[in-house]
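Engineer: Numbering (my numbering), first residue to last: 6 to 187. One structure is given below, represented as structure tokens, and several questions about it will come after.
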């Protein structure tokens, strides 16, 4: 199942400032955010990351942080920062049921995707729909037999979730190509 050409390239435009303080487009990174497929066929692009709140953009410090993460990819979540990630899901494919210690916004850009919760509840999300993931066990499923799904995620770390005195941490269930968050 080929991924190349299945969906348009992700173009990402990072702005900066010139010596006079005028807005420009940064040339520090390629404008194409490269999709990298994992063993299960699901492809990820690390489109931007930050570290620290509030983010420091003085002397392009945030660009340097992102560049560091491009050389040493983080887990799904960056402790004390944010992650902007594109995810492409092949037809008839599901990721593992998982939980992150984060508050995530997941928007469907192309196709459709089912969001399945560990309670058995599910919703079919269509282009333009957004899910606000609040530390729940969940799974993304592309129900189409022929069409790819593309999602855009913004993840920010959260305190570990506690329900009735029980703390819930990150559970990745061996997701292909995903290392634990730090």
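Using N, Cα and C, we set each Cβ at its ideal position, and we do this for glycine too. These numbers come from a predicted model, not from an experiment.
For residue 6, I'd like the list of residues in its chain whose CB is within less than 8 Å of its CB, leaving aside the five on either flank, ordered along the chain.
Structural biologist: For this step, residue 6 is matched to residue 1 along the chain shown. No answer about residue 6 holds up, because its pLDDT of 48 lies below 50 and its placement is not dependable.
Engineer: Is residue 32 helix, strand or coil when you go by DSSP?
Structural biologist: Position 27 of the chain shown holds residue 32. Of the three classes helix, strand and coil, the one that applies to residue 32 here is coil, per DSSP.
Engineer: Are three or more beta carbon pairs between the region 82-91 and the region 151-171 nearer than 8 Å?
Structural biologist: At 8 Å Cβ cutoff, the stretches touch.
Engineer: What residue ranges within the region 66-140 form continuous alpha helix (DSSP H) runs of no fewer than 4 residues, ordered along the chain?
Structural biologist: Qualifying alpha helix (DSSP H) stretches, in chain order: 66-76.
Engineer: Let me know the secondary structure DSSP gives residue 147 once reduced to three states.
Structural biologist: Taking the first residue of the chain shown as 1, we reach residue 147 at position 142. If DSSP states are grouped into helix, strand and coil, residue 147 belongs with the strands.
Engineer: Could you tell me which residues DSSP puts in a beta bridge with residue 47?
Structural biologist: Locating residue 47 in the chain shown gives position 42, counting from the first residue. Per DSSP, none; premise fails for residue 47.
Engineer: Under 8 Å between the Cβ atoms of residue 50 and residue 39?
Structural biologist: Looking up residue 50 in the chain shown gives position 45. Looking up residue 39 in the chain shown gives position 34. Cβ distance < 8 Å, so residue 50 and residue 39 count as in contact.
Engineer: Output needed for residue 75: all residues of its chain with C-beta closer than 8 Å, excluding positions within five of it in sequence on either side, in chain order.
Structural biologist: One-based indexing of the chain shown puts residue 75 at position 70. Closer than 8 Å at the Cβ level, and outside the excluded window around residue 75, lie 34, 51.
Engineer: Thinking residue 104 and residue 115 are a contact (beta carbons under 8 Å), I'd like their distance in whole angstroms, please.
Structural biologist: Stepping through the chain shown from its first residue, residue 104 is reached at position 99. Stepping through the chain shown from its first residue, residue 115 is reached at position 110. Contact flag wrong, Cβ pair sits at about 25 Å.
Engineer: To the nearest angstrom, how far is the alpha carbon of residue 27 from that of residue 37?
Structural biologist: Residue 27 sits at position 22 when you count from the first residue of the chain shown. Residue 37 sits at position 32 when you count from the first residue of the chain shown. Their backbone Cα atoms lie some 23 Å apart in a straight line.
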